[in-house]
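Add 271 to the 1-based position in the sequence shown for my numbering, that's all there is to it. Even glycine gets a Cβ: it sits at the ideal position worked out from N, Cα and C. Given the structure is predicted, the values throughout are model-derived calculations rather than measurements. Below is one structure, written out as structure tokens; the observations come after it.
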Amino acid sequence: MGHRMQIKAWLYFWALGLIWGSSFLFIRVGVSELHPFHVVLIRTGIAAVGLCLVIILGRKRIPRDKGLLIKIALVGLGNVAIPFTLISWGEQSID
Numbered sequence: 272m273g274h275r276m277q278i279k280a281w282l283y284f285w286a287l288g289l290i291w292g293s294s295f296l297f298i299r300v301g302v303s304e305l306h307p308f309h310v311v312l313i314r315t316g317i318a319a320v321g322l323c324l325v326i327i328l329g330r331k332r333i334p335r336d337k338g339l340l341i342k343i344a345l346v347g348l349g350n351v352a353i354p355f356t357l358i359s360w361g362e363q364s365i366d
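Structure, rendered in structure tokens:
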């Protein structure tokens, strides 16, 4: 990997860390004013809008298979909704 690519990779790494890390700041601020479920709803709603834009602009096809959609929903529940809710709920109790 060339020097220029290495710098670019590090910039992406730090940008991603900043984005992921800032989500905890926004959760902390959000739960001080809103219920944790509302924070999760707003957070996932923003992500859903972003993903819809990626799908529309990238002209991607959404799967129509019912079984696959159920599996995707279960993965989303287990890997996104539940952890986001628990993290938001926990942020209420930490100083």
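| request: Name the residue from K331, V300, H309 whose alpha carbon lies nearest to the alpha carbon of A352. | output: By one-based count along the sequence shown, residue 352 stands at place 81. Cα-wise, what sits closest to A352 is H309.
| request: State the Cα-Cα distance for the pair G292 and A319, rounded to the nearest angstrom. | output: The count along the sequence shown starts at 1 and reaches residue 292 at position 21. The count along the sequence shown starts at 1 and reaches residue 319 at position 48. When rounded, the distance between both Cα atoms is 19 Å.
| task | Could you tell me if I298 is buried or exposed, where buried requires 16 or more neighbouring beta carbons within 10 angstroms of its beta carbon? | result | Translated into the one-based positions of the sequence shown, residue 298 becomes position 27. Result: buried.
| field | Reduced DSSP secondary structure (H/G/I, E/B, other) of I298 | value | Here residue 298 refers to the residue found at position 27 of the sequence shown. It is helical.
| Does the segment 336 to 344 come close enough to the segment 273 to 292 that 3 or more CB-CB pairs lie under 8 Å? | no
| request: Leaving out five residues on either side along the sequence, give the residues of the same chain with a beta carbon under 6 Å from the beta carbon of L289. | output: Position 18 of the sequence shown, counting from 1, holds the residue named residue 289. Cβ within range, chain order: n/a, list empty.
| request: Output the boundary residues of the alpha helix (DSSP H) element that contains G273. | output: As a position in the sequence shown, residue 273 is number 2, starting the count at 1. Neither: G273 is in no alpha helix (DSSP H) and is coded neither H nor E.
| task | Find out if the Cβ-Cβ distance for the pair S359, V311 is shorter than 8 Å. | result | Here residue 359 refers to the residue found at position 88 when the sequence shown is read from its first residue. Here residue 311 refers to the residue found at position 40 when the sequence shown is read from its first residue. Against a cut-off of 8 Å, the Cβ pair of V311 and S359 comes out as a contact.
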